[in-house]
Every structure is written in structure tokens, then in C-alpha cells.
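Asks:
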Ligand code: GDP
């Protein structure tokens, strides 16, 4: 993740680090390079603009010119600004409510929704000792329901028995009942996706949300889709008010544009990142650690 951006920034800062003094011109030159590197990493343009401005304001001020290590000072300012853009602090998954805490998983088909649902369930079970029930609401694709069932068996998490011919709303209601009666701490609802955003998908997701009254609405978005992932998050947020984002396939994402701009562009936190196909390939999103990773 972020390999190419990290490389580019590393080269820019190597040029600055050893310098005894930096003129405003030197700083501007470096910032032009930083701007180019961010754009190449597919970071949203508005985020790049605000980022560079913010760094420039601090970098041409007293902080750098009076510093004995001006190059390092610029790197620190860039680091701080990265952390700010990424959202400052980690926003953990919230399951603290009257049980069962319902987590509604939304997103496009193929984004990794079902896999991520199971990963989160496993994590809640293993790390927080939660009793979790998963239910697939994907009535159009029986294979997707079966996929969740199989994953459930694999990780030792219960799934709601599949009853053919129910509607997604009926399943959501049955899941809520079972969640209560069965004494579950967390209920995870894996909704149906489509290949692209359409009105039908949004209407169905909104209806399921109204019926299930979720504590978390997590958008699962594929990091490799870059700017599209951001547009997707905005669309879902406008319609169903998401509480957070899980970015998947960051293992294949050398650029990192979506990860970097998601928070600033949508206002919603990335809560988790998925880093592979295996059931434990899921990590918290820590802005500080991500900034460290980018700056090497
Ligand atoms: P859904 O249609 O949104 O439910 O997507 P699936 O959960 O079925 O995932 C689609 C494919 O993506 C599967 O082959 C998953 O193993 C794979 N996948 C999911 N998350 C990740 C990830 O973080 N990294 C990688 N490399 N593959 C993933």
C-alpha cells in the first residue's frame, strides 16, 4: 500500500533533508513535486489543493526558516498534515448499544462485502468475545447466501438459516427477532450489491436500514477503484447516512488515492482496511500509522 507515493515523497524529502537553509523558493519547488506525487497517487484534486495550501502556509512561516533543520521541519509539517487529512484519530467500530448491535454492510457487488462481513464477525468473536449472528439479504444471488453460510462454518460464527423466497426486508426482520431471542451481541446484515449504483439498490438499502435500525452502516469500497470509491461513498452517504467505510483490496493498492482522500472528501471515517482474502486480513485504520507508512 502507498508504495509508489512513498517512493516519490521519499525522493523529494531526501533532497530537502540535508539542507542547511531553505528559501521560500525551495519550499515552493518541493511542494510542486508533492502536489504532482499526490495527483499521481489519484488523490482527489480538492484534497490535494487544500493539503498543499495548508503545508505551504506553515512551511514558509517562521517554523521552517528559523529552524536549524529546515528540511526535517518540512517533512514534519507534511506528516502532520497527512494525519489531519486522514482524520487524526482511529474511529473504532462501535457495538456499544443494547444488544444485538446491528451492523449493516452496504456496497457494490464484488467489492468484498461478504468476505468483509465474515472478517468483522470473526474479529468481534475472537478479540471481543462477542456472540455474532450473520445474515445474508442477497435474495438475488443464492450463491452469495451460501458463501456467507460457508464462511460462517469456517470461522465458527452462526448464520441465519436460509429460507427461500423471503424478501430482504423479511429476512432483516427475522434476523432481528433471532438476534434478540438467541441472545446475540451483534447482528451483521450483508446486503445485496449491484455492479453499479442504481435507484433500485439505493431504495432497497434505505428500506432495509429503516427496518433494521442499525447501529453501524458500513460501506465496503474497493480501494482499487480510486476516485469512484469516493463517489460511491458520497452517494451512499446521501441516501443512507453511513457511519463508516471499510476499504478493501488495499493489499493491491500501490497508489492509495482513495485511502488518502476518503475522509476529507466524504467526512466519514475509514474504520477498517482489508488487506487480503484471508479471514484475518483486516486492520484498524490508524491515521498516524498510515502517515508513518507513507513517509517511510
Ligand atoms: P461481494 O460481492 O461484495 O460480497 O464480494 P466478495 O466478498 O464475494 O469478494 C469478492 C472477491 O474479492 C473474493 O474473491 C474475495 O476473496 C476478494 N477479496 C475481498 N476482500 C479482499 C481484500 O481485501 N484483498 C484481496 N486481495 N481480495 C479481497
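Residue numbers (my numbering): 836 to 1131. Where is the CB? At the ideal position from N, CA and C, for every residue including glycine.
Taking residue 1046 as the reference, which of 960, 967, 1068, 937 has the closest Cα?
Replies: 937
Asks: Around the C-beta of residue 1067, are 16 or more other C-beta atoms found within 10 angstroms, so that it is buried, or is it exposed?
Replies: buried
Asks: Flag this pair as yes or no: are the beta carbons of residue 965 and residue 990 separated by less than 9 Å?
Replies: no
Asks: For residue 838, collect the residues of the same chain with a Cβ closer than 6 Å to its Cβ; drop the 5 residues on either side in sequence, then sort them by chain order.
Replies: 1089
Asks: Can you tell me the Cα-Cα spacing of residue 1040 and residue 847, whole angstroms?
Replies: Looking at the two C-alpha atoms, the distance is approximately 45 Å.
Asks: Using the beta-carbon count (16 or more within 10 Å), is residue 971 buried or exposed?
Replies: buried
Asks: So within the region 879-910, which uninterrupted alpha helix (DSSP H) runs reach at least 4 residues, ignoring any that extend past its ends?
Replies: 880-894, 897-900
Asks: Does the distance between the C-beta of residue 1028 and the nearest non-hydrogen atom of ligand 1 fall short of 8 Å?
Replies: yes
Asks: Between the region 1043-1060 and the region 1007-1014, do at least 3 Cβ pairs fall closer than 8 Å?
Replies: Yes: the two stretches touch, three or more of their Cβ pairs being nearer than 8 Å.
Asks: Taking the alpha helix (DSSP H) that residue 1027 falls in, what are its first and last residues?
Replies: Segment: none, residue 1027 is in no alpha helix (DSSP H) and carries neither H nor E.
Asks: Please report how far the alpha carbon of residue 855 lies from the alpha carbon of residue 1108, in whole angstroms.
Replies: 40 Å
Asks: Count the other CB atoms, across all protein chains shown, that sit within 10 Å of the CB of residue 1098; report buried if there are 16 or more and exposed otherwise.
Replies: buried
Asks: For residue 1084 versus residue 1059, is the C-beta distance shorter than 9 Å?
Replies: Cβ atoms of residue 1084 and residue 1059: closer than 9 Å.
Asks: Examine ligand 1 and report whether any of its heavy atoms sits within less than 8 Å of the Cβ of residue 1116.
Replies: yes
Asks: Of all the options 962, 1061, 993, 999, which has the alpha carbon lying nearest to the alpha carbon of residue 976?
Replies: Residue 976 has its Cα closest to that of 999, out of 962, 1061, 993, 999.
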